[in-house]
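These notes concern the structure reproduced below.
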Amino acid sequence: MTEPKRVFEKYYAELLKSIRNPDVALGLSRSVSANRQKRAAVMQRFPDTVELSREVRRIKEEAIARLEDLVATARKNLEENGARVYYADTGTAALKIIGRIVGSGKVVISGKTLTGEELGLRQHLEGLGNEFWETDVAQFIQQLRNEKPMHYVFPSLHVTREEVARLLTKLLGREIPPDITGEVRTIREFLRGKYFKADIGISGGNVLAADTGSIIMIENEGNIRMVSNVPPIHIVIVGIEKIVPTLPDAFKVAQVIWRYAGFTAPLYLSVVSGPSGTADIENTLVQGSSGPLELHVILLDNGRSRLAKDPVLREALYCIKCGSCLFECPIFQMAAGYYGGQAYFGGVGSVLTAYMGSPQEAAPMAYTCLRCGLCTTICPLELDTSRLIAELRHRFAVMVKS
Amino acid sequence: MNDKLYLPPALRLISENILKHGNPLGLSSKDIAAWSRGLKLPGRGKTILYTGGEYQMTSRIQSLVEVLKRVKFEDNALAAFRGLQSVTGRLGVGLMKTFTQVAGADNETYNRILRMAAQVLKRLGVDFAYIEGELYSGALLYEYGFFEDFSLHTERVTAQLKEAGVEKIIALTPHSAEIFREIYPHFVPHFDIEVSPYVITLAGALKYSGRELSLPQPLVLTLQDPCHLARTLKVTREPREVLAAVGNLEMRETPCHGEATVCCGAPCEIIYPELSEIVAAKRAEELAATGAEAVVTLCPFCYSNLSRGMRMTGKAMKIVDFIEIVHQALGVEND
Numbered sequence: 037m038t039e040p041k042r043v044f045e046k047y048y049a050e051l052l053k054s055i056r057n058p059d060v061a062l063g064l065s066r067s068v069s070a071n072r073q074k075r076a077a078v079m080q081r082f083p084d085t086v087e088l089s090r091e092v093r094r095i096k097e098e099a100i101a102r103l104e105d106l107v108a109t110a111r112k113n114l115e116e117n118g119a120r121v122y123y124a125d126t127g128t129a130a131l132k133i134i135g136r137i138v139g140s141g142k143v144v145i146s147g148k149t150l151t152g153e154e155l156g157l158r159q160h161l162e163g164l165g166n167e168f169w170e171t172d173v174a175q176f177i178q179q180l181r182n183e184k185p186m187h188y189v190f191p192s193l194h195v196t197r198e199e200v201a202r203l204l205t206k207l208l209g210r211e212i213p214p215d216i217t218g219e220v221r222t223i224r225e226f227l228r229g230k231y232f233k234a235d236i237g238i239s240g241g242n243v244l245a246a247d248t249g250s251i252i253m254i255e256n257e258g259n260i261r262m263v264s265n266v267p268p269i270h271i272v273i274v275g276i277e278k279i280v281p282t283l284p285d286a287f288k289v290a291q292v293i294w295r296y297a298g299f300t301a302p303l304y305l306s307v308v309s310g311p312s313g314t315a316d317i318e319n320t321l322v323q324g325s326s327g328p329l330e331l332h333v334i335l336l337d338n339g340r341s342r343l344a345k346d347p348v349l350r351e352a353l354y355c356i357k358c359g360s361c362l363f364e365c366p367i368f369q370m371a372a373g374y375y376g377g378q379a380y381f382g383g384v385g386s387v388l389t390a391y392m393g394s395p396q397e398a399a400p401m402a403y404t405c406l407r408c409g410l411c412t413t414i415c416p417l418e419l420d421t422s423r424l425i426a427e428l429r430h431r432f433a434v435m436v437k438s
Numbered sequence: 005m006n007d008k009l010y011l012p013p014a015l016r017l018i019s020e021n022i023l024k025h026g027n028p029l030g031l032s033s034k035d036i037a038a039w040s041r042g043l044k045l046p047g048r049g050k051t052i053l054y055t056g057g058e059y060q061m062t063s064r065i066q067s068l069v070e071v072l073k074r075v076k077f078e079d080n081a082l083a084a085f086r087g088l089q090s091v092t093g094r095l096g097v098g099l100m101k102t103f104t105q106v107a108g109a110d111n112e113t114y115n116r117i118l119r120m121a122a123q124v125l126k127r128l129g130v131d132f133a134y135i136e137g138e139l140y141s142g143a144l145l146y147e148y149g150f151f152e153d154f155s156l157h158t159e160r161v162t163a164q165l166k167e168a169g170v171e172k173i174i175a176l177t178p179h180s181a182e183i184f185r186e187i188y189p190h191f192v193p194h195f196d197i198e199v200s201p202y203v204i205t206l207a208g209a210l211k212y213s214g215r216e217l218s219l220p221q222p223l224v225l226t227l228q229d230p231c232h233l234a235r236t237l238k239v240t241r242e243p244r245e246v247l248a249a250v251g252n253l254e255m256r257e258t259p260c261h262g263e264a265t266v267c268c269g270a271p272c273e274i275i276y277p278e279l280s281e282i283v284a285a286k287r288a289e290e291l292a293a294t295g296a297e298a299v300v301t302l303c304p305f306c307y308s309n310l311s312r313g314m315r316m317t318g319k320a321m322k323i324v325d326f327i328e329i330v331h332q333a334l335g336v337e338n339d
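Below, the structure written as structure tokens:
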């Protein structure tokens, strides 16, 4: 039996196991209906979201078509702002760069980052002898479960409060009751103990504006502010498909992300363009004020520029990861992130996984998609998943034939 | 790493059958045309009723899925794939022939619906021909990504249609309507055959005929919109208008209907049969929650997969085809 076949079998076995797990079903059904209601309320309050989404589609189309040019502009502007910028062709290259910056024996805290998941960042940095903590509550839970995230915005949507209590009890060696508020307080207490000890903070970015070199980070928990502000070194890993031409464009994209994720506004919105600095003494700029002394930005390619050149499949790079489609997908509704690869989920995620992971990892996902088209009707950018999946399967058919 | 990509063998089995036999399951043209015997339909004409062999293959797909599940035994996915490969490798296309008899009874159900489809059109004064030995549209070749094979197949299908003098297809199933209307033009240069989904032709002819529709007994139905019909072809209004005009018939909608309809799970049944059943059962639950007596479908794959899903839920709710309802409501005598 060849290795790729085993990947297929393992995927299907885990998919079925997850679907048949009553905890997963319960957690998911709560999340699905909550998201549906929240999104409907936001849309009602901000009916302009429909037009805004159309504009975001145009912005993304332009950005992916001009990707090389935007990467160069973003890089130049970030460097002018005092950031150190690296272009990582592959995941391995990115891990090497980050490994060099971090070194070993450090305390590393991380905000929710999909690119980090794509790279296997935690495993890599722990392997180098660092203490690594996820600070997003859901990601923290997933870290304790030693499991990949199950959704872009809600990584632990399938985990019940009882399971969280069990995990925290095990971590802390004292009884934590299954009370949600109490659990969140416990996690808060634990993480606040880590923030001020951390040497390095790592985050992703939701959007990157090329013209100003500004990274936008959307959050509700306040953890990303800690990660990006408290430690002396802040590393941002951002996929190059997140770059858009201008800062106003970036805000439009960000707005559509949070609205489709079901929020009228994020509780926190951060814009980071460089390391902290001050020119308050004789108007002379000194880098490193109250915030980080250093900002390192990893522009991650890892298959993206190749995907951007594909006349059909490039559409997958328009995905802004709001995750609203996943809540309505008939398969995802039951299987959560098990209908996914290392970092990306569902139909569009199959295309991303084929390029940023491997065709072997993506193939079982690609044949799971029903091509029912429901996600397209939910997607703010109306990504044509049915067409993408047929095209991706075509690429696979050609590979197998040759 | 590309040369080590693995794809389930069922994909190859189906695509090879389409190329070799003109349909996914290697059915003979006699099998496919069996339903039309005695109806005296002309073999060529400007307008044809196109079945694509989809109703005919439905009962056999059911048997294939049962085979797939039996060889894998219980829910051991590992054994499943190994089993499938050895069975398909050993029996190849003959696999389906082995189970034709098993599927016999089901098969008659589908042939009956096909006859009704033709009788309804005739009763409404629609002129149409039927090409005995009609080729399958190739929808699954496209769906599974075998574009080169699909392209070859579309040439054969187009040649057959042209030869029969076809200018308009009344496409009985959503998949064939979609593939001819949306995909063929990208693969076949100057594909100029008009495509009308069956329900559209039917709704138009009904309106024109001014006929009254009524069921002999009161019936409460809920409608399963097929994904490809509702979302790709945007046909959601016409089936409802037809059903609303039927006396003694009450309709109840699921929360997710029309363009927001939820898939029956059929598309993944060959590759992931258990998953397909679970999706079907979940949708069946939603349909059953309407409190209707039966679900009416407009697609043979929805019909068969929801029947299976409903059995899994243990509910007695029936699945009926839209054609059966209209046939009865028009008072067309049974053959």
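Just so you know, the sequences run in chain order F and V. For reference, each letter of the first sequence is one residue, going 37 to 438 in this note's numbering. For reference, each letter of the second sequence is one residue, going 5 to 339 in this note's numbering. Ideal Cβ positions, reconstructed from N, Cα and C, are used throughout, including at glycine.
Around the C-beta of H232(V), 16 or more other C-beta atoms lie within 10 Å, and the residue is accordingly described as buried.
With contacts defined as CB atoms closer than 7 Å, K172(V) and T317(V) fail to qualify as a contacting pair.
Going by beta carbons, V330(V) and V124(V) fall inside the 7 Å limit.
The beta carbon of R350(F) lies closer than 7 Å to those of I100, L343 and A344 in the same chain, with the five residues before and after it left out.
At least one beta carbon of chain V lies nearer than 7 Å to the beta carbon of M435(F). Think of a sphere of 8 Å around the beta carbon of P12(V): the chain F residues whose beta carbon falls inside it are F44 and Y403, in chain order.
Among the residues facing chain V, H430(F) is included, as its CB has a counterpart in that chain under 7 Å away. Between the segment 126–140 of chain V and the segment 203–220 of chain V, the count of C-beta pairs closer than 8 Å reaches three or more; the two stretches touch. Here E328(V) has I117 and M120 as same chain residues with Cβ atoms under 7 Å from its own Cβ, once five neighbours each way along the sequence are excluded. The DSSP-derived three-state label of G152(F) is helix.
Closest by C-alpha distance to L410(F), out of S67(F), L204(F), I269(F) and F363(F), is F363(F). Chain-ordered listing is empty here: chain V has no CB closer than 8 Å to the CB of A129(F), the nearest sitting near 18 Å. Between G377(F) and A398(F) a beta carbon distance of about 6 Å is seen, short of the 8 Å cut, so the two are scored as contacting. For G376(F), not one C-beta of chain V is nearer than 7 Å to its own C-beta. With a threshold of 16 other beta carbon atoms within 10 Å, P46(V) falls short and is exposed. Sequence-distant Cβ neighbours of H157(V) in its own chain, meaning closer than 7 Å and more than five residues away, are I22, L23, G142 and L145.
Relative to P328(F), the option among D84(F), P58(F), A352(F) and R261(F) whose CA is nearest is R261(F). The Cβ atoms of V68(F) and Q369(F) lie closer than 7 Å to each other. Listed along chain V are R235, E263 and A264, each with a C-beta nearer than 9 Å to that of T413(F). Counting only Cβ-Cβ distances below 8 Å, R350(F) has no contacts in chain V at all, with the closest Cβ about 17 Å away. Contact note: V283(V) reaches chain F through P366, I367, M370 and L406, using a C-beta cutoff of 9 Å and chain order. In this model, S33(V) and T126(F) are separated by some 53 Å (Cα to Cα). DSSP, reduced to helix, strand and coil, places T301(V) within a strand of the structure shown. The beta carbon of R111(F) sits closer than 6 Å to the beta carbons of V121 from its chain, once the five residues preceding and following it are set aside; these are given in chain order. At least 7 Å separates the CB of C303(V) from every CB of chain F.
Within the segment 84–161 of chain F, the beta strand (DSSP E) runs of at least 3 residues that lie entirely inside it are, in chain order, 120–124 and 143–146. By the CB criterion at 7 Å, I279(F) and A246(F) fall inside the cutoff. The shortest CA-to-CA distance from T282(F) to any of V92(F), T413(F), P83(F) and A76(F) is the one to V92(F). Going by beta carbons, L237(V) and A296(V) fall outside the 7 Å limit.
DSSP places F168(F) inside the beta strand (DSSP E), whose first and last residues are E167 to E170. Residues of chain V with a Cβ closer than 7 Å to the Cβ of Q80(F) do not exist; the shortest Cβ-Cβ separation is about 17 Å. For M61(V) and S67(V), the gap between their C-alpha atoms comes out near 10 Å. Residue-level contact check: P40(F) touches chain V, since one or more beta carbons of chain V fall below 7 Å from its beta carbon. Secondary structure at D325(V): strand, using DSSP grouped into helix, strand and coil. Taking 7 Å as the cut-off, the Cβ atoms of V250(V) and P201(V) do not count as close.
C365(F) is positioned such that its CB atom lies no closer than 7 Å to that of C415(F).
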